[in-house]
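Chemist:
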Amino acid sequence: MENKLSSSFNSGGGIYIHIPFCKQACHYCDFHFSTSMGKKEEMLLAIQKELELRKLEFEGEIVETIYFGGGTPSVLRTNEIQSLINTVYKNFNVVNNPEITLEANPDDLSEENIITLSKSPINRLSIGVQSFFEEDLKLMNRAHSAAEADETLKIATQYFNNISIDLIYGMPNMTNERWVANIDKALSFKIPHISSYALTVEPKTALASFIKKGLIKPLDDALAQEHFDILLQKMKANSFVAYETSNFGKEGFFSKNNTAYWLGKKYIGVGPSAHSYDGIRRGWNVNNNPKYIKAILSNELPMETETLSKTDVYNEYVMTGLRTIWGVSLERIEDEFGIRFYDYLLQQAKNHIESELLKVENKTLLTTKKGKFLADGIASDLFMINLS
Ligand code: SF4
1434 MENKLSSSFN SGGGIYIHIP FCKQACHYCD FHFSTSMGKK EEMLLAIQKE LELRKLEFEG
1494 EIVETIYFGG GTPSVLRTNE IQSLINTVYK NFNVVNNPEI TLEANPDDLS EENIITLSKS
1554 PINRLSIGVQ SFFEEDLKLM NRAHSAAEAD ETLKIATQYF NNISIDLIYG MPNMTNERWV
1614 ANIDKALSFK IPHISSYALT VEPKTALASF IKKGLIKPLD DALAQEHFDI LLQKMKANSF
1674 VAYETSNFGK EGFFSKNNTA YWLGKKYIGV GPSAHSYDGI RRGWNVNNNP KYIKAILSNE
1734 LPMETETLSK TDVYNEYVMT GLRTIWGVSL ERIEDEFGIR FYDYLLQQAK NHIESELLKV
1794 ENKTLLTTKK GKFLADGIAS DLFMINLS
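For the sequence shown, the residue numbers in my numbering are 1434 to 1821.
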């Protein structure tokens, strides 16, 4: 079974580079980052070294995408980013014209920086706008202002044609009118991609503590659902394809990096807290900057791994499949997982099909429009627990 699974993923992959620094901590964020840039030079050396140490993991493979995420990769200077890209090219086979994405925050994107980045191999910007309203940005403790977001997009769209922005909905006090105004503002820049997420309260974040202390209203699921419905309708009306629950792209502008991840391709994640997947095993680096640097500079990979069981792979496929327009192929379930999984899936899906949250089309299980917002909860009802 393992050979069959791994060979089916043997067609190129991506490299994810985690830059674990941010100027300040957003109240809702539980990603790994440090607000101290003190160890930046050592960190960059360690990430380069990790890329070298792991080059054999992609022997015979072609790198199709390079993704700088974080943290805030745009805190790096362009020559530092270029040097990391050079290290990838030196150690891996890279396809012609790969998608190279930089996550960037508006406060780092001055006109001068945008021009310098546009002359580098970076060909896609994913800009963390989150909201065009000052009140929302303050509530989230974002480092940029609404005016900066506006100005950045005016300039960035002159130099990059492949731009995505992030928007957050379901915030306390965000009326439907304000959410519509946010979407309309985003659309006014004619960008080809929008990633939009419901605000969630992660444990141990400032947001969780403010809600607990009664300083901020608790989140309202019904409001988030309303915002999502508005988003779906506005994206459709403006020819964006809802290709994943949180991702909307014009034809030809879907994120290649994220799509590869959802389709189960291999990826190597370097940097502290970065995750990797080789078709059989999932790995994750230590989420501590000094420990990461120390281990890598001693030629050790500070990574824990787990081998995915057939049940784990099935559950992940169902989870990601139901979030995307590609759905869950019933043929793949039968061929790769067997009749037990196939029967179980259809049995568990039955109620959701009757409630019109799921549908079967062309031997593929998909969420309906009504089921899209609930995709994660529906998927968990279809997970296999005891069989292996
Ligand atoms: S900039 Fe991004 S990674 Fe950094 S704290 Fe804010 S949301 Fe988290």
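Glycine included, every Cβ here is placed at the ideal spot set by N, Cα and C.
Are the CB atoms of Thr1505 and Phe1565 nearer to each other than 8 Å?
Modeler: The Cβ-Cβ distance between Thr1505 and Phe1565 does not fall below 8 Å.
Chemist: Run through DSSP, which three-state label would Ser1621 get?
Modeler: helix
Chemist: What span of residues does the alpha helix (DSSP H) with Val1746 cover, start to end?
Modeler: Lys1743 to Arg1756
Chemist: Beta-carbon within less than 7 Å of Ala1582's beta-carbon, same chain only, minus the 5 sequence neighbours each way: which residues are those?
Modeler: So the qualifying residues of the chain are Pro1539, Val1562 and Phe1565.
Chemist: Quick check for students: name the residue ranges of the beta strand (DSSP E) that lie wholly in the region 1762-1802, counting only runs of 3 or more.
Modeler: 1791-1794 and 1797-1800
Chemist: Roughly how many whole angstroms lie between the Cα atoms of Asp1599 and Ile1624?
Modeler: 12 Å
Chemist: Going straight from the alpha carbon of Thr1633 to that of Met1573, what length do you get?
Modeler: 12 Å
Chemist: Determine the extent of the alpha helix (DSSP H) in which Ala1824 is found, giving its start and end residues.
Modeler: Nothing can be reported for residue 1824: it is not among the residues displayed for the chain, which extend from 1434 to 1821.
Chemist: Please go through the same chain and pick out, in chain order, the residues whose beta-carbon is closer than 6 Å to the beta-carbon of Asp1569, but skip the five residues on each side of it.
Modeler: When the five nearest sequence neighbours on each side are left out, the beta carbons in the same chain lying within less than 6 Å of the beta carbon of Asp1569 are those of Met1604, in order along the chain.
Chemist: Opposite Met1736 in the DSSP bridges: which residues?
Modeler: Asn1718
Chemist: May I ask you to verify whether the region 1512-1523 touches the region 1474-1492, counting CB pairs closer than 8 Å and requiring at least 3?
Modeler: Result yes; three or more Cβ-Cβ pairs closer than 8 Å.
Chemist: Unbroken beta strand (DSSP E) runs of length 3 or more, entirely within the region 1630-1717: which are they?
Modeler: 1674-1677, 1680-1682, 1699-1703 and 1708-1710
Chemist: Evaluate contact between the region 1672-1680 and the region 1747-1765, counting only Cβ atoms and requiring at least three cross-stretch pairs below 8 Å.
Modeler: yes
Chemist: Helix, strand or coil for Leu1478, going by three-state DSSP, please let me know.
Modeler: In the structure shown, Leu1478 sits in a helix (DSSP, three-state: H, G or I).
Chemist: Reducing DSSP to helix, strand and coil, say where Ala1463 ends up.
Modeler: Reading off the sequence, residue 1463 comes out as Asp, not Ala. The answer is coil: DSSP assigns Asp1463 none of H, G, I, E or B.
Chemist: Would you call the region 1702-1721 in contact with the region 1736-1743, where contact means no fewer than 3 C-beta pairs closer than 8 Å?
Modeler: yes
Chemist: Classify Ser1551 as helix, strand or coil using the three-state DSSP reduction.
Modeler: helix
Chemist: Gly1704: beta carbon under 7 Å from a heavy atom of ligand 1?
Modeler: no
Chemist: Over what stretch of residues does the beta strand (DSSP E) that includes Ala1812 continue unbroken?
Modeler: Element bounds for Ala1812: not the beta strand (DSSP E) but the alpha helix (DSSP H), Ala1808 to Leu1815.
Chemist: Got a sec? Which residues, its chain only, sit under 7 Å from Glu1684 by beta carbon, not counting five neighbours each side?
Modeler: Val1674
Chemist: Take the Cβ of Arg1510 as the centre, count every other Cβ of all protein chains shown within 10 Å, and call the residue buried at 16 or more, exposed below.
Modeler: exposed
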